[in-house]
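*Asks:* In our numbering, the protein residues as written are 7 to 590.
Backbone N, C-alpha and C fix where the C-beta goes; we use that ideal spot for every residue, glycine too.
Since the model is a prediction, treat every value here as computed from it, not as a measurement.
Got a structure here, written out as structure tokens. Questions coming.
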């Protein structure tokens, strides 16, 4: 455990840090006898060591160092350490503002102390990125999953090092992404940000899926041409519960079906209503509002486009980016979250959170450590017409089985065009890139078999609905497109209803001698009289994919009635009727 620095003043810490740094290049004989002895004896309980040339100097805990006033005297800055146009320090004069160099030198030592006895020495000077440090970020970017990084200045060194688990003293980082419960289900448009979280989790980092139980009441204006329809508080709460359940199901499927043998990070679902409900409006504006500048908020593209629209923009929508920024700040303070993930249309909101954290934490200890926060965006998935996939666009493919069945989700990816399937394999699956290359080679040889689309559909359906959902989708596919009696026989009532959503469902009692025409009339599938009779004789009726032409034929179990007690009645080309037989 690192020392407790909560009661330590910034000035005291900086003075001690500068002198400890000086000790690295000072011969042991130069230390006062008492100090040298104290430092040596306390090394056994801390295990912290600072290397020097041909020997080593053991150090006590930071509190032990502070006991020796000889280490706390201010050091004059060398001319090379002063900022430009900075006057030399005047003896006897105290100041509360620390020079920039103090902060730069304080950061490495505070990191060293807070990491505890397992940490090594944090060397000053420029840092070179370890050979594998960029792997966590490069791999998803090569797949096309990560689009933009913010701020760009930190993406060359700080961000790669942040996720480098092989670095001495490194610890799992925390990444979050928000999901507003404007509907009772996630949709395909949410999958990429979830896949981004899963990639971080698979690399050993902790991820948070944040349900916007409070922000959904305002509505995010990003990527929209008009204001969202207002939702009641009860509706938002119900949607939030449904989204939380959906997120937990996806995380469970991911952990159960896609494990790779590596130790993973945690997956946590939170709701921002937990902290916003405790906030009072005036208090919140007084404490948070002063950190936001109107000019900056108005400059966001999402705001600009809405202000120029005929409908304009409401205050509620305008305030949305402030609440999202506070989410980032809250998670940074309470969960150590330093990275926000979001769609490319969320970059403006991510920037607001970054700026708020910098202003709010400017004088905090977390700021002195040199810890920064970052934003990463993922590309938006669009339809063939270029429209964003989402419920607002009216083309959503839902991840909730009640809204979109596993069969429909499976078919959505089966129908993807050849020029998109390779990109989607990289974005929506965890398949290694060499395996994707092999799949595409097979696809190029025999595109009519749609090998790539089938693998894509299988991987996504398994992630969303589990192995059972994938098996159900395949059964439905065989039953509908390949007229498979075997598939029909093992299908459940739910699967038949999902497959034939427009079909009428009837429960009938199987009386002895029940005929084909009796069945059709009881199911209200044909009209009464001669017309209905002719529909059968002319070949317009089939039962379980088999055409029947004799209206007086008696139903036979195993032929007209499947082993699962169901019959699929088809009239014409598109009219289906599902019959469940009772008292077999």
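Can you tell me where the alpha helix (DSSP H) holding residue 528 begins and where it ends?
*Replies:* In the chain shown, counting from the first residue as 1, residue 528 sits at position 522. Its alpha helix (DSSP H) spans residues 522-528.
*Asks:* Output needed for residue 526: all residues of its chain with C-beta closer than 6 Å, excluding positions within five of it in sequence on either side, in chain order.
*Replies:* As a position in the chain shown, residue 526 is number 520, starting the count at 1. Answer for residue 526: 532, listed in chain order.
*Asks:* Residues bridged to residue 552 by DSSP?
*Replies:* Taking the chain shown and counting its residues from 1, the one referred to as residue 552 is at position 546. In the DSSP output, where bridge partners are listed per residue, residue 552 has 549.
*Asks:* To the nearest whole angstrom, what separates the beta carbons of residue 470 and residue 415, a pair I think is in contact under 8 Å?
*Replies:* Locating residue 470 in the chain shown gives position 464, counting from the first residue. Locating residue 415 in the chain shown gives position 409, counting from the first residue. That belief holds up - the Cβ atoms of residue 470 and residue 415 are roughly 6 Å apart, short of 8 Å.
*Asks:* Check whether the segment 178-186 touches the segment 147-155, taking contact to mean three or more Cβ pairs, one atom from each stretch, closer than 8 Å.
*Replies:* no
*Asks:* How long is the line joining the alpha carbons of residue 451 and residue 582, rounded to whole angstroms?
*Replies:* In the chain shown, residue 451 corresponds to position 445, counting from 1. In the chain shown, residue 582 corresponds to position 576, counting from 1. C-alpha separation (whole angstroms): 37 Å.
*Asks:* Of the choices 521, 251 and 540, whose alpha-carbon is the least far from that of residue 558?
*Replies:* Within the chain shown, the letter at position 552 stands for residue 558. If we check each option's Cα against that of residue 558, 521 comes out closest.
*Asks:* Does the beta-carbon distance from residue 217 to residue 276 come in below 8 Å?
*Replies:* As a working mapping, residue 217 is identified with position 211 in the chain shown. As a working mapping, residue 276 is identified with position 270 in the chain shown. The criterion of a C-beta distance shorter than 8 Å is satisfied by residue 217 and residue 276.
*Asks:* With DSSP as the reference, label residue 346 as helix, strand or coil.
*Replies:* Reading the chain shown from its first residue, position 340 is the one you call residue 346. In the three-state reduction of the DSSP assignment, residue 346 falls in the strand class, which pools E and B.
*Asks:* At what residues does the beta strand (DSSP E) containing residue 472 begin and finish?
*Replies:* Looking up residue 472 in the chain shown gives position 466. That residue, residue 472, is in no beta strand (DSSP E); its alpha helix (DSSP H) goes 457-487.
*Asks:* Relative to the alpha-carbon of residue 509, which residue among 438, 584 and 480 has its alpha-carbon at the smallest distance?
*Replies:* Your numbering for residue 509 matches position 503 in the chain shown. Restricting attention to 438, 584 and 480, the CA atom closest to the CA of residue 509 is found in 584.
*Asks:* Thinking C-beta only, is residue 550 closer than 8 Å to residue 561?
*Replies:* Walking along the chain shown from the start, residue 561 turns up at place 555. Walking along the chain shown from the start, residue 550 turns up at place 544. The answer is no: Cβ separation not under 8 Å.
*Asks:* Comparing C-alpha positions only, which one of 499, 285, 580 and 327 sits nearest to residue 226?
*Replies:* Counted from its first residue, the chain shown places residue 226 at position 220. Of 499, 285, 580 and 327, the smallest CA-CA separation from residue 226 is found for 327.
*Asks:* Hey, quick one: how far does the alpha helix (DSSP H) through residue 308 stretch, first residue to last?
*Replies:* Reading the chain shown from its first residue, position 302 is the one you call residue 308. Where residue 308 is concerned, the enclosing alpha helix (DSSP H) stretches over 307-313.
*Asks:* Give the secondary structure of residue 532 by DSSP, where H, G and I count as helix, E and B as strand, and everything else as coil.
*Replies:* One-based indexing of the chain shown puts residue 532 at position 526. In the structure shown, residue 532 sits in coil (DSSP, three-state: anything other than H, G, I, E or B).
*Asks:* Under 8 Å, do residue 249 and residue 192 count as touching if we go by C-beta distance?
*Replies:* Here residue 249 is taken as the residue at index 243 of the chain shown, counted from 1. Here residue 192 is taken as the residue at index 186 of the chain shown, counted from 1. Yes, these two residues count as a Cβ contact at 8 Å.
*Asks:* Hey, out of 308, 540, 431 and 314, whose CA is closest to residue 351's CA?
*Replies:* To locate residue 351, count along the chain shown from 1; it is residue 345. Looking at the Cα atoms, 308 is the closest of the given residues.
*Asks:* Is the segment 207-215 in contact with the segment 265-283, if contact means three or more CB pairs nearer than 8 Å?
*Replies:* Result yes; three or more Cβ-Cβ pairs closer than 8 Å.
*Asks:* When DSSP builds the beta bridges, which residues end up paired with residue 586?
*Replies:* Taking the first residue of the chain shown as position 1, residue 586 is located at position 580. DSSP output for residue 586 lists 513 and 572 as bridge partner(s).
*Asks:* Quick one: complete beta strand (DSSP E) runs, 3+ long, within the segment 171-221?
*Replies:* 180-185 and 212-217
*Asks:* Which value, in whole angstroms, describes the spacing of the CA atoms of residue 577 and residue 235?
*Replies:* Walking along the chain shown from the start, residue 577 turns up at place 571. Walking along the chain shown from the start, residue 235 turns up at place 229. The straight-line gap from Cα to Cα measures roughly 41 Å.
*Asks:* Between residue 437 and the rest of its own chain, which residues show a CB-CB distance below 8 Å, the 5 nearest in sequence each way excluded?
*Replies:* In the chain shown, counting from the first residue as 1, residue 437 sits at position 431. Same-chain partners within the cutoff: 431, 445, 461 and 465.
*Asks:* Of the choices 519, 536, 486 and 517, whose alpha-carbon is the least far from that of residue 579?
*Replies:* For this step, residue 579 is matched to residue 573 along the chain shown. Across the set 519, 536, 486 and 517, the C-alpha of 486 shows the shortest separation from the C-alpha of residue 579.
*Asks:* Return the bridge partner residues of residue 276 from the DSSP annotation.
*Replies:* The sequence position of residue 276 within the chain shown is 270, counting from 1. Answer is 216, bridged to residue 276.
*Asks:* So, helix, strand or coil for residue 148, using DSSP?
*Replies:* The sequence position of residue 148 within the chain shown is 142, counting from 1. Helix.
*Asks:* Does residue 566 pass the burial test, meaning 16 or more other C-beta atoms within 10 Å, or should it be called exposed?
*Replies:* Your numbering for residue 566 matches position 560 in the chain shown. Answer is buried; the Cβ neighbour count reaches 16.
*Asks:* Taking DSSP's pairing of strands, which residues face residue 259 in a bridge?
*Replies:* For the purposes of this step, residue 259 is identified with residue 253 of the chain shown, where counting begins at 1. Paired residues: none, contrary to the question.
*Asks:* What whole-angstrom Cβ distance do residue 412 and residue 476 have, given they're in contact under 8 Å?
*Replies:* Locating residue 412 in the chain shown gives position 406, where the first residue counts as 1. Locating residue 476 in the chain shown gives position 470, where the first residue counts as 1. Going by Cβ atoms, the distance from residue 412 to residue 476 rounds to 7 Å, so yes, they are a contact pair.
*Asks:* Pull up the distance between the alpha-carbon of residue 283 and that of residue 513, whole angstroms please.
*Replies:* Counted from its first residue, the chain shown places residue 283 at position 277. Counted from its first residue, the chain shown places residue 513 at position 507. Those two C-alpha atoms are separated by around 49 Å.
*Asks:* Among 538, 563 and 381, which one has its Cα closest to the Cα of residue 555?
*Replies:* Here residue 555 corresponds to residue number 549 of the chain shown, with the count starting at 1. Nearest of 538, 563 and 381 to residue 555, Cα basis: 538.
*Asks:* Count the other CB atoms, across all protein chains shown, that sit within 10 Å of the CB of residue 563; report buried if there are 16 or more and exposed otherwise.
*Replies:* Within the chain shown, the letter at position 557 stands for residue 563. The residue in question, residue 563, is exposed, as its Cβ has fewer than 16 Cβ neighbours within 10 Å.
*Asks:* Opposite residue 245 in the DSSP bridges: which residues?
*Replies:* As a working mapping, residue 245 is identified with position 239 in the chain shown. Secondary-structure assignment with DSSP links residue 245 through no beta bridge to anything.
*Asks:* For residue 342, verify whether its CB is less than 7 Å away from any heavy atom of the ligand HEM.
*Replies:* Only the bare structure without any ligand can be found here, which leaves the ligand HEM out of the picture.
*Asks:* Can the beta-carbon of residue 245 be found less than 8 Å from the beta-carbon of residue 190?
*Replies:* On the chain shown, position 239 is the one that residue 245 refers to. On the chain shown, position 184 is the one that residue 190 refers to. The Cβ atoms of residue 245 and residue 190 lie closer than 8 Å to each other.
*Asks:* Starting from residue 154, trace the beta strand (DSSP E) both ways and give me its first and last residue.
*Replies:* Within the chain shown, the letter at position 148 stands for residue 154. Looking at the DSSP string, the run of the beta strand (DSSP E) that includes residue 154 is 154-156.
*Asks:* DSSP three-state call for residue 281: helix, strand or coil?
*Replies:* Here residue 281 corresponds to residue number 275 of the chain shown, with the count starting at 1. Annotated three-state conformation of residue 281 is helix, per DSSP.
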